[in-house]
Amino acid sequence: MMAMRGSTLIGVAILVWVAWIVLATDSEARIERTCQPVLWFGNVATSLTQLTFPKQQESVHEAFESADYACRFTVWRLLHEDAWIESHQGNESSDQSGESDQ
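Start counting the sequence shown at 870; every next residue gets the next number (the working numbering).
Here you go:
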């Protein structure tokens, strides 16, 4: 019975997190909110490392900063890369057609 309560709690937490992401006002905020748990776990891990292995604190912090960047980049690619490529290909073709007119 205890496992069911734990899994229910995790399920509710995930639903709240997804709702928090969807309710963001713009795409940048959605990306930030999607990756926020990486920073939360990073803060906990950095604090625990500082307590137990103070010399390793900076490397743990940097590892989670890197993981946050990787998360944001991955989410951006999943959501926006195709549109970004299309818009830049459109700009390149209009630049090339402008050069041929001269």
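Backbone N, C-alpha and C define an ideal beta-carbon position, used for all residues, glycine too.
First through last residue of the alpha helix (DSSP H) which encompasses residue i
i	result
Thr-918	896-921
Which listed residue (the options) has its alpha carbon closest to that of residue i
i	options	result
Trp-889	Gln-905, Glu-927, Ser-876	Gln-905
Ser-896	Glu-950, Thr-921, Ser-876, Gly-875	Glu-950
Cys-940	Val-881, Ala-882, Arg-899	Arg-899
Alpha-carbon spacing of residue i relative to residue j, whole angstroms
i	j	result
Asn-912	Thr-943	21 angstroms
Tyr-938	His-930	13 angstroms
Ser-876	Trp-909	20 angstroms
Thr-903	Leu-892	12 angstroms
Trp-886	Leu-878	12 angstroms
Thr-921	Trp-945	35 angstroms
Ile-883	Leu-947	20 angstroms
Ser-956	Glu-901	23 angstroms
Pro-923	Arg-874	36 angstroms
Gly-880	Ala-932	27 angstroms
Ile-954	Ser-928	35 angstroms
Beta-carbon proximity of residue i to residue j, cut-off 7 angstroms
i	j	result
Thr-915	Gln-925	no
Ala-981	Val-907	The question about residue 981 has no answer, for the chain in this structure spans 870 to 971.
Within-7 angstroms CB hit, residue i to chain C
i	result
Asn-912	Among the chains of the structure shown, chain C does not appear; only one protein chain is present.
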